[in-house]
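Everything on this sheet refers to the single structure shown next.
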Amino acid sequence: MSEQIYLARDGQQTGPYTRTQLAGRAARGEVQQGDFAWQPGQPAWVPAYDALGLLGISLPQAATAPPPLPAAARQRTVPAQVNVPAGHGARIGANLLDTLLGSLLSFVAFFIGGALGGDNPGAVLGYGYLLAIVFIAAYFGLTHSSEAMASFGKRATGLIVVDKHGQRIGFVRGALRYLAMLLGAFFWLPMMMVLFNRRHRGLHDMLAGTVVIEKDTYEPELWDFEQLHGKGGAAAIVIALFLFFIFFIGILAAIAIPAYQDYTIRAKVTGALIETRVLKAVVGEHLLNGEDAVVSYEELGMPGPKALPQYGATIEVQPEGAILIRFDAPTPVAGKSVVLTPINRGIEGWHCRGGDDMPQKYLPADCRQSAAQGP
10 MSEQIYLARD GQQTGPYTRT QLAGRAARGE VQQGDFAWQP GQPAWVPAYD
60 ALGLLGISLP QAATAPPPLP AAARQRTVPA QVNVPAGHGA RIGANLLDTL
110 LGSLLSFVAF FIGGALGGDN PGAVLGYGYL LAIVFIAAYF GLTHSSEAMA
160 SFGKRATGLI VVDKHGQRIG FVRGALRYLA MLLGAFFWLP MMMVLFNRRH
210 RGLHDMLAGT VVIEKDTYEP ELWDFEQLHG KGGAAAIVIA LFLFFIFFIG
260 ILAAIAIPAY QDYTIRAKVT GALIETRVLK AVVGEHLLNG EDAVVSYEEL
310 GMPGPKALPQ YGATIEVQPE GAILIRFDAP TPVAGKSVVL TPINRGIEGW
360 HCRGGDDMPQ KYLPADCRQS AAQGP
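My numbering applies: residue 10 is where the sequence shown begins, and numbers increase by one.
Right, dumping it as structure tokens:
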């Protein structure tokens with residue numbers, strides 16, 4: 010029998026092969042069912058498996074069981090617990106980090122609010138709080154609806170936010186979830202309710218239809234909302250909540266106290282300026298009577314400089330008719346002054362400017378503008 014054996018597959022011919030070479034190819038599985046074989050002397054191509062049998066070449070036995078998994082596949086294991094609701098400690102840690110980021114956004118909001126509110130302290134606070142809520146709601150809406158499905162605080166602690174069906178939430182739901190938490194925060198409901206249900210859902214989660222789970226256990230194809238069950242740890246929860254409360258109050262105080270102090274100082278400066286209205290009229294009338302200079306307080310019908318203890322200031326009249334408000338308190342403006350100068354003997358009004366060392370943020374808008382322009 011000829012040792013010249015040819016193989017063909019899909020119209021492509023290979024070979025010739027010796028019997029030994031063909032046996033090796035068969036052992037390696039390189040001869041497949043559907044291949045054809047031919048050797049000199051044969052009238053036509055025959056199925057390769059038939060030819061190998063005639064040549065006494067054994068074929069590999071069909072596997073009766075699946076082969077072992079590759080190493081990479083053996084390492085892919087489903088967690089013992091899937092879709093585990095976030096632990097209390099991880100949620101508190103995430104909230105602490107997000108609160109820190111929120112305080113930075115609040116700082117920006119109040120800075121913008123100061124520019125929009127001008128000299129009206131109430132408007133400054135109103136704009137500041139409104140913008141802070143908008144900025145933080147947008148932050149949570151954007152981050153929770155992103156591919157990461159988590160805010161930066163939750164990313165750091167290995168958590169994600171999904172809806173009741175285990176899917177990513179949208180921007181609107183993420184923002185509304187924060188607003189719901191903000192409303193309930195006045196009564197501590199969002200935080201307290203997390204402690205007393207097996208899915209660890211706060212009031213804001215229930216209203217928004219969301220669940221916070223551990224990212225490493227997230228298996229959307231195995232999602233079953235009814236079977237969700239979180240881990241315990243009540244003692245650590247109470248301590249962590251107390252620490253969070255202290256931290257949260259500290260952040261609010263760091264923002265609110267300086268803003269309130271600036272507001273009270275600005276109110277004192279504004280109040281002292283209002284007290285000069287009568288004196289400006291008296292000085293203006295005196296100047297209109299042909300007097301080029303104010304010689305003494307007696308000519309104005311005044312016993313001397315006017316003390317304003319409620320504002321920590323003293324009002325003085327300069328020889329040329331200018332009115333000087335000198336502050337002795339509070340500390341940021343102590344030793345500093347505001348000057349009112351009559352324009353055309355007071356007929357065209359008064360020019361207001363702060364002293365050289367008076368911080369501009371404590372002055373009314375018209376005085377700040379005048380200070381920038383010069384006398």
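All C-beta atoms in this analysis are idealised placements derived from N, C-alpha and C, irrespective of residue type, glycine included.
Bear in mind that the values here come from a model prediction, so they are computed numbers and not experimental data.
| query | result |
| --- | --- |
| Beta-carbon proximity of Ala217 to Leu168, cut-off 8 Å | no |
| Opening and closing residue of the beta strand (DSSP E) in which Val143 lies | First-last for Val143: 130-153, but that is the alpha helix (DSSP H), not the beta strand (DSSP E). |
| Coarse secondary structure for Asp172, derived from DSSP in three states | strand |
| Cβ neighbour criterion (16 or more within 10 Å) applied to Leu140 | buried |
| C-alpha gap between Arg100 and Pro130, whole angstroms | 36 Å |
| Arg164 and Pro94 closer than 8 Å at C-beta | no |
| Selection from Tyr371, Pro52, Val143 that minimises the alpha carbon distance to Gly280 | Tyr371 |
| Whole-number beta carbon distance between Pro351 and Gly364, since they are thought to touch under 8 Å | Not really, about 18 Å apart at Cβ, beyond 8 Å. |
| Thr27 classed as buried or exposed, judged by whether at least 16 other C-beta atoms fall within 10 angstroms | exposed |
| Counted within 10 angstroms of its Cβ, other Cβ atoms place His97 as buried (16 or more) or exposed | buried |
| Extent of the continuous beta strand (DSSP E) to which Leu39 belongs | A small fix is needed here, since residue 39 is Glu in this sequence, not Leu. Unbroken run through Glu39: none, as it is neither H nor E. |
| Buried or exposed by the 16-neighbour rule on C-beta atoms within 10 Å, applied to Thr23 | exposed |
| Status (buried if at least 16 other CB within 10 Å, exposed otherwise) for Thr340 | exposed |
| Enclosing beta strand (DSSP E) for Ser346 [first to last residue] | 346-351 |
| Touch test, the stretch 280-291 against the stretch 134-151, Cβ-Cβ under 8 Å, three pairs minimum | no |
| Beta-carbon proximity check, Val347 vs Val292, cutoff 8 Å | no |
| Alpha carbon of Pro373 to alpha carbon of Ala157, nearest angstrom | 47 Å |
| Simplified DSSP assignment, three categories, for Gln21 | strand |
| Which of helix, strand or coil DSSP assigns to Tyr371 | helix |
| Per-residue DSSP class, three states only, for Glu284 | coil |
| Three or more C-beta pairs below 8 Å linking the stretch 214-229 and the stretch 179-194 | yes |
| Burial state of Val326, where buried means 16 or more other Cβ atoms lie within 10 Å | buried |
| Other residues of its chain near Lys173: CB distance less than 7 Å, five sequence neighbours each side excluded | Gly218, Val220, Phe234 |
| Backbone secondary structure at Tyr272 - three-state DSSP | helix |
| Same chain only: Cβ atoms within 8 Å of Asp128, ignoring 5 sequence neighbours per side | Arg275, Thr279, Pro373, Ala374 |
| Asp107 versus Leu231: straight-line alpha-carbon distance, rounded | 30 Å |
| Counted within 10 angstroms of its Cβ, other Cβ atoms place Phe205 as buried (16 or more) or exposed | exposed |
| Classification of Asn92 by the beta-carbon crowding that lies within 10 angstroms, buried from 16 upward | buried |
| Backbone secondary structure at Gly43 - three-state DSSP | coil |
| Nearest residue (CA-CA) to Leu109, options Arg210, Thr273, Ile264 | Ile264 |
| Backbone CA spacing between Ala184 and Gly259 [nearest angstrom] | 25 Å |
| Proximity of Leu296 and Arg354 at Cβ, strictly below 8 Å | yes |
| Identity of the residue in Pro49, Leu261, Ala262 nearest Pro25 by Cα | Pro49 |
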